[in-house]
Amino acid sequence: MPPENKITSNRAFIFAIAGAAIGLGNIWRFPYVAGENGGSLFFLMYILFVLLLGLPVMIAEIVVGRAGRASPASSLRQLAVSAGHSRHWSKLAWMGTLAATMILSFYSVVSGWVLYFFFQSLTGELSANSIEMTATHFQQLLESPRQVIFYHGLFILMTVAISGRTISRGIEQLNNWLMPMMYLILVVLLIYASQFSGFAPALDYLFAFRFEAVSGSVVLEAMGHAFFTLAIGACCLMAYGAYMPERQSVVKAVLVVALLDVLVAVMVGTATFAVVFSEGLSMAEGPGLMFIALPVALAQMPFGSLVLPLFFLLLVMAVWTSAVNLAEPLVVMMSRLCSGSRAAGATSAGVIIFLAGLIPGLSFSLWQQVAIGGKTLFDLYTAFATQFMLPVVGLLVLYFCGYIMERKVLIEQLGMQGKSLKTWQLLIRWVSPALLLMVFIGELLQVK
Numbered sequence: 434m435p436p437e438n439k440i441t442s443n444r445a446f447i448f449a450i451a452g453a454a455i456g457l458g459n460i461w462r463f464p465y466v467a468g469e470n471g472g473s474l475f476f477l478m479y480i481l482f483v484l485l486l487g488l489p490v491m492i493a494e495i496v497v498g499r500a501g502r503a504s505p506a507s508s509l510r511q512l513a514v515s516a517g518h519s520r521h522w523s524k525l526a527w528m529g530t531l532a533a534t535m536i537l538s539f540y541s542v543v544s545g546w547v548l549y550f551f552f553q554s555l556t557g558e559l560s561a562n563s564i565e566m567t568a569t570h571f572q573q574l575l576e577s578p579r580q581v582i583f584y585h586g587l588f589i590l591m592t593v594a595i596s597g598r599t600i601s602r603g604i605e606q607l608n609n610w611l612m613p614m615m616y617l618i619l620v621v622l623l624i625y626a627s628q629f630s631g632f633a634p635a636l637d638y639l640f641a642f643r644f645e646a647v648s649g650s651v652v653l654e655a656m657g658h659a660f661f662t663l664a665i666g667a668c669c670l671m672a673y674g675a676y677m678p679e680r681q682s683v684v685k686a687v688l689v690v691a692l693l694d695v696l697v698a699v700m701v702g703t704a705t706f707a708v709v710f711s712e713g714l715s716m717a718e719g720p721g722l723m724f725i726a727l728p729v730a731l732a733q734m735p736f737g738s739l740v741l742p743l744f745f746l747l748l749v750m751a752v753w754t755s756a757v758n759l760a761e762p763l764v765v766m767m768s769r770l771c772s773g774s775r776a777a778g779a780t781s782a783g784v785i786i787f788l789a790g791l792i793p794g795l796s797f798s799l800w801q802q803v804a805i806g807g808k809t810l811f812d813l814y815t816a817f818a819t820q821f822m823l824p825v826v827g828l829l830v831l832y833f834c835g836y837i838m839e840r841k842v843l844i845e846q847l848g849m850q851g852k853s854l855k856t857w858q859l860l861i862r863w864v865s866p867a868l869l870l871m872v873f874i875g876e877l878l879q880v881k
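When we follow my numbering, the leftmost residue of the sequence shown carries the number 434, and every step to the right adds one.
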């Protein structure tokens with residue numbers, strides 16, 4: 434692999450994986466899911482399931498990519514054949530790529546909403562709005578095909594602009610710049626939120642033990658959040674694993690990324706709940722918390738005209754780094770079809786993702802009457818990708834690393850032997866698959 438298509442340092446690789454993992458799941462979804470599921474115990478269960486479910490799948494994906502040093506499909510085929518198994522394991526990468534493409538196509542639609550609100554916050558149009566006005570404003574955006582398509586397309590262009598460059602000049606440089614800036618903005622927002630009366634109640638809400646909040650649905654929600662927010666289950670990290678520096682420890686890198694991921698959830702959750710408690714907002718606002726209630730509350734607080742754009746800039750950074758990760762498997766695949774040109778491959782991938790995104794993007798306007806079982810096209814599209822495809826691919830990745838890959842490859846890549854290796858194999862063969870099956874069945878049955 435040419436040097437320009439590798440990540441050049443351990444720190445840069447950690448930033449890249451962290452950038453992939455930290456996205457709307459942490460900043461948009463975590464506050465309202467925690468709010469709906471009891472706060473503190475949800476948070477503790479989330480950390481537990483990150484360790485038992487999220488990290489094993491992360492490590493498994495990265496190990497496959499690092500051992501193969503090729504595209505996800507080539508790495509899977511090469512490792513399977515060398516272990517005496519079927520070359521058709523490469524088709525797992527096709528499944529992962531399809532999942533990543535579907536997810537990015539609706540993720541870019543939602544990211545387009547983020548861009549829209551960011552620009553609105555810069556012009557000051559959000560500052561004078563009430564919650565009712567902002568809700569109407571948001572609904573008008575969703576029902577405008579022209580605006581949805583424009584911002585969806587703009588976000589795709591932003592993603593392609595990075596994905597079309599070499600790894601060292603694209604993915605690596607983006608994350609080297611944006612990840613430190615993201616944490617700086619988070620610290621500023623946290624310091625800002627600490628000045629309000631709701632800060633202490635927010636800390637109590639996130640960290641105090643409340644055993645009465647425990648229920649089967651809360652446990653399943655924590656499992657699902659731990660799985661869905663770590664950029665796993667779509668073979669994206671296999672692609673990143675191929676770019677990993679030779680001497681870097683997979684386990685140490687993933688542990689640092691998990692720490693950064695949880696840290697973002699803590700910081701965002703604390704800052705969000707500080708505003709929620711200070712302004713008397715509902716703890717279970719759902720997705721509207723991020724696009725309706727919270728912007729209005731921030732705009733009306735001291736220095737709101739400065740803090741509100743900062744908040745949406747944080748969201749823009751988070752969705753951009755995550756989108757580049759989601760695009761990578763398709764970019765790699767299309768680049769191979771375009772004579773190895775990343776620029777052509779990224780452009781082709783961008784066109785595919787843009788067209789696919791029209792299905793969820795227009796489900797609130799032109800196709801709002803189309804519904805199956807009371808579910809909109811957006812609901813059905815996102816559910817198939819996240820609740821079906823991701824868990825299935827995740828289970829197959831765990832099976833591949835647990836039963837297909839040669840033991841010596843695992844030892845070489847993980848640097849484990851003896852009890853450490855046995856513990857790892859226990860996790861990926863039994864514990865993590867069992868938890869993931871519970872998530873899968875729970876999502877299918879829509880247990881809440």
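Heads up, the beta-carbon is just placed ideally off N, CA and C, and yes, glycines get one too.
Residue i - DSSP class collapsed to helix/strand/coil
i: residue 805; result: strand
i: residue 394; result: Within the shown structure, residues of the chain are numbered from 434 to 881, placing residue 394 beyond reach of any answer.
i: residue 564; result: helix
i: residue 881; result: No answer about residue 881 holds up, because its pLDDT of 42 lies below 50 and its placement is not dependable.
i: residue 497; result: helix
i: residue 799; result: coil
i: residue 841; result: helix
i: residue 849; result: coil
i: residue 502; result: coil
i: residue 681; result: coil
i: residue 470; result: coil
i: residue 876; result: helix
i: residue 855; result: helix
i: residue 815; result: helix
i: residue 884; result: An answer regarding residue 884 cannot be provided, because it is not within the stretch 434 to 881 covered by the chain.
i: residue 450; result: helix
i: residue 668; result: coil
i: residue 676; result: coil
i: residue 703; result: helix
Cβ neighbour criterion (16 or more within 10 Å) applied to residue i
i: residue 846; result: buried
i: residue 867; result: exposed
i: residue 612; result: buried
i: residue 439; result: buried
i: residue 911; result: Residue 911 lies beyond the stretch modelled for the chain, which goes from 434 to 881, so this question has no answer here.
i: residue 880; result: Note on residue 880: pLDDT 42, under 50, position unreliable in the model; the coordinate value appears next. Exposed, by the Cβ-count rule.
i: residue 626; result: buried
i: residue 856; result: exposed
i: residue 753; result: buried
i: residue 673; result: buried
i: residue 624; result: exposed
i: residue 605; result: buried
i: residue 701; result: buried
i: residue 836; result: exposed
i: residue 600; result: buried
i: residue 713; result: exposed
i: residue 648; result: exposed
Closer than 7 Å: residue i CB and nearest the ligand SAH heavy atom
i: residue 692; result: For the ligand SAH, the structure offers nothing, since it holds no ligand at all.
Chain-order list of residues whose beta-carbon lies under 8 Å from that of residue i (same chain, five-residue window excluded)
i: residue 699; result: 476, 639
i: residue 747; result: 460, 615, 618, 619, 622
i: residue 447; result: 686, 689, 690, 693
i: residue 587; result: 545, 548
i: residue 470; result: 646, 650, 651, 654, 655
i: residue 801; result: 576, 809
i: residue 768; result: 774, 775, 777, 778, 779
Residues near residue i by beta carbon distance below 6 Å, same chain, minus five either side
i: residue 461; result: 723
i: residue 570; result: none
i: residue 522; result: 509, 513
i: residue 525; result: 509, 829
i: residue 783; result: 589, 593
i: residue 630; result: 711
Contacts around residue i, its chain only, beta-carbon distance under 7 Å, and the 5 residues preceding and following it disregarded
i: residue 652; result: 478
i: residue 872; result: 653, 656, 657, 660, 824
i: residue 665; result: 487, 490, 491, 494, 827
i: residue 730; result: 708, 712, 714
i: residue 635; result: 703, 706, 707, 710
*Can at least three beta-carbon pairs, one atom from the stretch 673 to 690 and one from the stretch 719 to 736, be found at a separation below 8 Å?*
By the criterion of at least three beta-carbon pairs nearer than 8 Å, the stretch 673 to 690 is not in contact with the stretch 719 to 736.
*Which runs of the alpha helix (DSSP H) spanning at least 4 residues fall entirely within the stretch 709 to 795, listed in chain order?*
Runs of the alpha helix (DSSP H) inside the stretch 709 to 795: 727 to 733, 737 to 770, 775 to 794.
*asked:* Suppose only complete runs of 4+ residues qualify. What are the alpha helix (DSSP H) ranges in the stretch 506 to 558, listed by chain order?
replied: Unbroken alpha helix (DSSP H) stretches of 4 residues or longer found wholly inside the stretch 506 to 558: 524 to 556, given in chain order.
*With a floor of 4 residues, list each alpha helix (DSSP H) that falls wholly inside the stretch 584 to 663, ordered by position along the chain.*
Those alpha helix (DSSP H) runs which fall completely within the stretch 584 to 663 and span 4+ residues are 604 to 626, 632 to 640, 649 to 661.
*Check whether the stretch 817 to 828 touches the stretch 869 to 876, counting contact only when three or more Cβ pairs, one atom from each stretch, lie closer than 8 Å.*
They touch, by the three-pair rule.
*Given 8 Å, three or more beta-carbon pairs between the stretch 855 to 864 and the stretch 565 to 578*: Segments in contact, no.
*Segment contact flag, the stretch 773 to 791 with the stretch 524 to 538, C-beta cutoff 8 Å, min 3 pairs*: In the pairwise beta carbon analysis, the stretch 773 to 791 is classified as touching the stretch 524 to 538: at least three pairs are separated by under 8 Å.
_Below 8 Å, how does it come out for the stretch 646 to 664 and the stretch 821 to 838: are there three or more Cβ pairs, yes or no?_
The stretch 646 to 664, when compared against the stretch 821 to 838, does touch it at the 8 Å Cβ threshold.
_Does the structure place the stretch 847 to 861 close enough to the stretch 479 to 496 that three or more beta carbon pairs sit under 8 Å?_
They touch, by the three-pair rule.
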